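Numbering (the numbering used here), first residue to last: 217 to 483.
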DNA sequence: ATGGTTGCCAAGCAA
């Protein structure tokens, strides 16, 4: 059977619910992981999700900032809402979901953006980001005979040279500094995670999931970055049927600055 | 080098 998982930093789920509905109707992923919902749990638009066929909803939200949610067309069981760096931010949610011949442990992450100054000594937000990634080292790709792991989210780091529009010009820009990209890749490899987007698209090819709001014409300038990621345990990688980056969503009315990414599996 | 935009909510802060 086919099974698909989508991830999307929505930048306010309530404001963009019409776009979420459009996306779900058009692409019908089995599971959708959202980040930056900016919505307390009691105000989450559950009704609209149920109406769209996504009756199973796990949320970890707070007022105004951060927040993650995982919605699905089949039952999900919350495994954990982990706190990182001893801060109460809602940046992680993990669930179990049945998919074909196996159970999947699915992590939904919103890694701190890190502020503007890429120096942990003077910028506490950058320090927090580095500490957060360091703490992610013990989030590992657990797998067994009928058990696999997937990790998705807005990880706010573009690790490879062609994950940004200009490697040279972004080397000192938060999201692509060597200290971030090195620890990010080390963390991914230590956890046993496979970068599924790069399994499909060779690292020599440009690949973006985010385009800044601060540009007159995001299409013409095309100064994107790959900040959103889908990783899996090694056993799932041969079952990947494809990756879809829904770039057109950046051009929808009042869009998020991130676009959805979908991984399709044959299970 | 700087400023560019958006969303939170009603002033700046975070991204």
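Built from N, CA and C at the ideal position, the CB exists for glycine as well. Given the structure is predicted, the values throughout are model-derived calculations rather than measurements.
C-alpha distance - residue i paired with residue j, whole-angstrom precision
i	j	result
residue 336	residue 342	5 Å
residue 419	residue 378	6 Å
residue 437	residue 463	14 Å
residue 375	residue 400	7 Å
residue 380	residue 302	31 Å
residue 475	residue 225	7 Å
residue 385	residue 314	43 Å
residue 294	residue 308	11 Å
residue 322	residue 236	20 Å
residue 480	residue 334	35 Å
residue 409	residue 232	31 Å
residue 472	residue 300	25 Å
residue 442	residue 259	30 Å
residue 328	residue 396	12 Å
residue 411	residue 458	13 Å
residue 424	residue 465	13 Å
residue 353	residue 390	20 Å
residue 387	residue 417	22 Å
residue 250	residue 326	9 Å
Nearest candidate by alpha-carbon position, reference residue i, set the options
i	options	result
residue 360	286, 373, 318, 310	318
residue 271	369, 282, 288	288
residue 367	404, 380, 383	404
residue 248	406, 279, 268, 330	268
residue 422	429, 434, 439	439
residue 413	393, 454, 392, 356	454
residue 266	251, 279, 290, 250	290
residue 432	279, 467, 392	467
residue 306	279, 240, 332	279
residue 320	363, 394, 417, 435	363
residue 450	345, 332, 365	365
residue 348	394, 392, 470, 298	298
residue 415	402, 392, 456	456
With 16 other Cβ atoms within 10 Å as the buried cut-off, status of residue i
i	result
residue 338	exposed
residue 382	exposed
residue 245	buried
residue 296	exposed
residue 242	exposed
residue 217	exposed
residue 281	exposed
residue 428	exposed
residue 263	exposed
residue 398	exposed
residue 444	buried
residue 355	buried
Cβ-Cβ distance between residue i and residue j below 8 Å
i	j	result
residue 452	residue 316	no
residue 223	residue 369	yes
residue 256	residue 277	yes
residue 220	residue 357	no
residue 324	residue 284	yes
residue 478	residue 460	yes
residue 274	residue 311	yes
residue 372	residue 330	yes
Scan the region 242-326 and note each continuous alpha helix (DSSP H) run of 4 residues or more that stays entirely inside, going in chain order.
Qualifying alpha helix (DSSP H) stretches, in chain order: 262-267.
Go through the region 381-425 residue by residue and report every complete run of the beta strand (DSSP E) that reaches 3 residues or more, in order.
409-411
Whole beta strand (DSSP E) runs in the region 421-451 with 3 or more residues, listed along the chain?
444-449
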